[in-house]
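Trainee: Quick note: the sequence shown, position 63, residue 62 per numbering that gives the first Met the number 0, numbers continuous. The beta-carbon is built from N, C-alpha and C at its ideal position, and this holds for glycine as well.
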Amino acid sequence: MKPFLSLIGALFLLISIPLSNSHATPSARLEEANAKLRYEMTEAMLEGAAKHGIQIFSDGIVFASRDDGMVANTGVAEFENITYDHLARGAVVGFTYYSGFNIEPGFYRTYVVLPKGAKTGTAYLLNAEGKAVQTATVTPTAELSAARKFTGSIGWRHVTVDYHGKHVSIEVTVRW
Numbered sequence: 000m001k002p003f004l005s006l007i008g009a010l011f012l013l014i015s016i017p018l019s020n021s022h023a024t025p026s027a028r029l030e031e032a033n034a035k036l037r038y039e040m041t042e043a044m045l046e047g048a049a050k051h052g053i054q055i056f057s058d059g060i061v062f063a064s065r066d067d068g069m070v071a072n073t074g075v076a077e078f079e080n081i082t083y084d085h086l087a088r089g090a091v092v093g094f095t096y097y098s099g100f101n102i103e104p105g106f107y108r109t110y111v112v113l114p115k116g117a118k119t120g121t122a123y124l125l126n127a128e129g130k131a132v133q134t135a136t137v138t139p140t141a142e143l144s145a146a147r148k149f150t151g152s153i154g155w156r157h158v159t160v161d162y163h164g165k166h167v168s169i170e171v172t173v174r175w
């Protein structure tokens, strides 16, 4: 009787353990991993934005990662209406998660001040309490876009996030 119970136990384990996609193609496995990551990242970004009291675009989140850090970036809901006049007075344009890069891991609002006609400006990474914990360089770019788009990249000793829209196109670079 014991071998029969062992067989039933083994079948139960076999049925209850989810099958892995070890037989799926490498491309299919990466697509599945990307879908899971995007879902989790969107949920985390929305939760972080709620703690900051802001709304963000959840369909435009981009991320970059490597062994020593990660950046996830998107624009705030008002981004499509922000102009260079707004930036001259100061405006929150984006919402970014940083981990690594000599920045305390966490979510930050990207508050940009770009004086009219200036070639560079200053961005302030604001924590949930509204305190500026890091400054960054803002550079206007020529890439205006009818459809909003946001980017993020990790370089040698810097992270750059971009915000492109109908009225504003800028890149924000954090250096360490």
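Cα separation between Ala122 and Val167?
Mentor: Counting from 1 along the sequence shown, the entry for residue 122 is found at position 123. Counting from 1 along the sequence shown, the entry for residue 167 is found at position 168. The straight-line gap from Cα to Cα measures roughly 15 Å.
Trainee: With a cut-off of 8 Å on the beta carbons, I'd call Thr109 and Val171 a contact; round off their distance for me.
Mentor: Here residue 109 refers to the residue found at position 110 of the sequence shown. Here residue 171 refers to the residue found at position 172 of the sequence shown. Right, their Cβ atoms sit about 6 Å apart.
Trainee: Does the pairing of the segment 86-94 with the segment 112-120 give three or more beta-carbon distances under 8 Å?
Mentor: Verdict: yes, contact present.
Trainee: If you count every other CB in all the chains shown that lies within 10 Å of the CB of Phe3, and 16 or more means buried, which is it?
Mentor: Here residue 3 is taken as the residue at index 4 of the sequence shown, counted from 1. Any reading at Phe3 needs caution, since the residue's pLDDT is 43, under 50, leaving its predicted position unreliable; the model's value is listed next. The residue in question, Phe3, is exposed, as its Cβ has fewer than 16 Cβ neighbours within 10 Å.
Trainee: Whole angstroms are fine: how far does the CA of Gly151 sit from the CA of Thr140?
Mentor: Along the sequence shown, read from residue 1 onward, the residue named residue 140 stands at position 141. Along the sequence shown, read from residue 1 onward, the residue named residue 151 stands at position 152. Cα-Cα distance, rounded: 15 Å.
Trainee: Evaluate contact between the segment 90-103 and the segment 58-78, counting only Cβ atoms and requiring at least three cross-stretch pairs below 8 Å.
Mentor: The segment 90-103 vs the segment 58-78: in contact.
Trainee: So with Cβ pairs under 8 Å, would you call Val75 a contact of chain B?
Mentor: Among the chains of the structure shown, chain B does not appear; only one protein chain is present.
Trainee: Given that a residue counts as buried once 16 or more other Cβ atoms are within 10 Å of its Cβ, and exposed if not, what is Asp67?
Mentor: Numbered from its first residue, the sequence shown carries residue 67 at position 68. Classification for Asp67: exposed.
Trainee: Tell me which same chain residues have a C-beta within less than 8 Å of the C-beta of Arg37, skipping the five on either side of it?
Mentor: Numbered from its first residue, the sequence shown carries residue 37 at position 38. Answer for Arg37: Ile60, listed in chain order.
Trainee: Terminal residues of the continuous beta strand (DSSP E) containing Asp161?
Mentor: Translated into positions along the sequence shown, residue 161 becomes position 162. Counting along the chain, the beta strand (DSSP E) containing Asp161 begins and ends at His157 to His163.
Trainee: Straight-line CA distance for Arg156 to Gln133?
Mentor: As a first step, residue 156 must be located in the sequence shown, where it is residue number 157. As a first step, residue 133 must be located in the sequence shown, where it is residue number 134. Using only the alpha carbons, I get a separation of about 15 Å.
Trainee: Excluding the 5 residues preceding and the 5 following Trp175 in the sequence, name in chain order all residues of the same chain whose CB lies nearer than 8 Å to its CB.
Mentor: The residue you call residue 175 lines up with position 176 of the sequence shown. Hits under 8 Å: Phe100, Asn101, Ile102, Arg156 and His157.
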